[in-house]
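S.K.: The C-terminal residue of the sequence shown carries number 944 in our numbering, and the numbering is unbroken.
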Amino acid sequence: MFQGSIPPLPTPFRKGRIDEEALRRLVERAIQGGSHGLSVGGTTGEPGTLTLEERKRVIEVALDQTAGRVPVIPGTGALRLEETLELTRFAQEAGAQGAMVIVPYYLKPNQEGLYRYFAEVARAVPDFPLILYNIPGRTGVEIAPKTVARLRRDFPNIVGLKHSSKDLEYLSQLFQEAGRDFLVFCGLESLTLPMMSLGAVGTIAATANWLPQEVARLTELALKGDYQGARELHYHLLEANEAIFWDTNPIPLKTVLSWMGLLQKEWRLPLGPTTPEVEARLRTMAQRYGLLEGA
650 MFQGSIPPLP TPFRKGRIDE EALRRLVERA IQGGSHGLSV GGTTGEPGTL
700 TLEERKRVIE VALDQTAGRV PVIPGTGALR LEETLELTRF AQEAGAQGAM
750 VIVPYYLKPN QEGLYRYFAE VARAVPDFPL ILYNIPGRTG VEIAPKTVAR
800 LRRDFPNIVG LKHSSKDLEY LSQLFQEAGR DFLVFCGLES LTLPMMSLGA
850 VGTIAATANW LPQEVARLTE LALKGDYQGA RELHYHLLEA NEAIFWDTNP
900 IPLKTVLSWM GLLQKEWRLP LGPTTPEVEA RLRTMAQRYG LLEGA
């Protein structure tokens, strides 16, 4: 169904408004670089600073530019269940191939609350594939493997999970509980290969906005079982993967993409520019990977 490299695109802004032309450039670059799908509206896309209408428009633009060439799996999760339902239904009606729904943040619900929340979403779109998004560093709570397995058992349209955590033991427990055919995607760039060696089917890695060919190739090699070849790319990509987190994502990502002429170096508050020291490190990294050639 879904596998490989699915870049999570940032949301470009120009003078405070969504820059649709820049978003189209990012979509095209990812596809031309061999990406196997696209995601918008996830953490990298700053969804918490967007209105519902803006989030819908980002989905529309991505689907229009993609034109069916690769799957589009937008992030549709929000703190309020009603907003999650509205966005997820919209994504389905707009023609997306699935949706990624984050564990509700800030409230720190217990496992029964998480089960009931995702159950409501799954019931609302019974024929629409859903990927749960586990990112405890941002949400303050983790969905337990047993809860995921319960959801998968009760709702066949819950097909996978994005795991954004360094906890590899969680991944092994998840496969034991939910089944090894459950579609797990890595959400921490530098752990793509380790997670795929355990059974993950791909990565939703922001680094693929910089280096789409290399990230896509790593996932292809890992899926074929060529771990020696994938390991070489793992180490080649290591600094770029780490650079995504030299400041809060997507600040480093947008900084370098702006130097590449792909978007404006612009965020919405409370995000802000990084320090001159981090910018200097980013420029050195970008030059090493050839990202600024011709820029």
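From the three backbone atoms N, C-alpha and C, an ideal C-beta is built for every residue, glycine too. Here the structure is a predicted model, which is why all the values come from computation and not from measurement.
To which residues does DSSP link N783 through a beta bridge?
M.R.: H812
S.K.: Helix, strand or coil, according to DSSP, for T852 in the structure here?
M.R.: Three-state result, T852: strand.
S.K.: Of all the alpha helix (DSSP H) runs that stay within the bounds of the region 745–790, which reach a length of 4 or more residues?
M.R.: 760–773 and 785–788
S.K.: Looking at the secondary structure, which residues open and close the beta strand (DSSP E) in which A834 lies?
M.R.: It is worth fixing the name first, because residue 834 is Phe in this sequence and not Ala. F834 -> beta strand (DSSP E) spans L832 to C835.
S.K.: Determine the extent of the alpha helix (DSSP H) in which V890 is found, giving its start and end residues.
M.R.: Checking the sequence shown, residue 890 turns out to be Asn, not Val. Here the alpha helix (DSSP H) through N890 covers Y876 to A892.
S.K.: At what residues does the alpha helix (DSSP H) containing S684 begin and finish?
M.R.: Run containing S684: none; DSSP gives neither H nor E here.
S.K.: Check the DSSP bridge columns for S622 and list the partner residues they point to.
M.R.: This structure leaves residue 622 out entirely; the chain is present only between 650 and 944.
S.K.: Which of helix, strand or coil does DSSP assign to F662?
M.R.: Looking at F662 - three-state DSSP - the assignment turns out to be strand.
S.K.: In whole angstroms, give me the CA-to-CA distance for L730 and R738.
M.R.: Straight-line Cα distance between these residues: approximately 12 Å.
S.K.: If contact is defined by three or more beta carbon pairs under 8 Å, each pair taking one atom from either stretch, is the region 745–757 in contact with the region 784–793?
M.R.: yes
S.K.: Taking the alpha-carbon positions, what's the E742 to P720 distance?
M.R.: 14 Å
S.K.: Helix, strand or coil for G689? Go by DSSP, reduced to three states.
M.R.: The sequence shown places Val at residue 689, not Gly. In this structure, V689 counts as coil in the three-state DSSP scheme.
S.K.: Report the rounded CA-to-CA distance for L840 versus A849, giving the unit in angstroms.
M.R.: 11 Å
S.K.: Take the Cβ of M845 as the centre, count every other Cβ of all protein chains shown within 10 Å, and call the residue buried at 16 or more, exposed below.
M.R.: Label assigned to M845: buried.
S.K.: Can the beta-carbon of I667 be found less than 8 Å from the beta-carbon of V689?
M.R.: no
S.K.: Quick check on M749: buried or exposed, where buried means 16 or more other Cβ atoms within 10 Å of its Cβ?
M.R.: buried
S.K.: Distance, Cα to Cα, V905 vs P785?
M.R.: Distance between the alpha carbons of V905 and P785: 27 Å.
S.K.: Spatial neighbours of L887 within its chain, please: CB distance less than 8 Å, with the 5 preceding and 5 following residues excluded, ordered by chain position.
M.R.: S839
S.K.: Evaluate contact between the region 902–916 and the region 669–681, counting only Cβ atoms and requiring at least three cross-stretch pairs below 8 Å.
M.R.: yes
S.K.: Quick one: what does DSSP say G694 is sitting in, helix, strand or coil?
M.R.: helix
S.K.: Using C-beta distances below 8 Å, list every residue in its chain close to Q822, excluding the 5 sequence neighbours before and after it, in chain order.
M.R.: P794
S.K.: With three or more C-beta pairs closer than 8 Å as the rule, is the region 869–878 touching the region 891–906?
M.R.: When Cβ pairs closer than 8 Å are counted between the two stretches, the region 891–906 is seen not to touch the region 869–878, the count staying below three.
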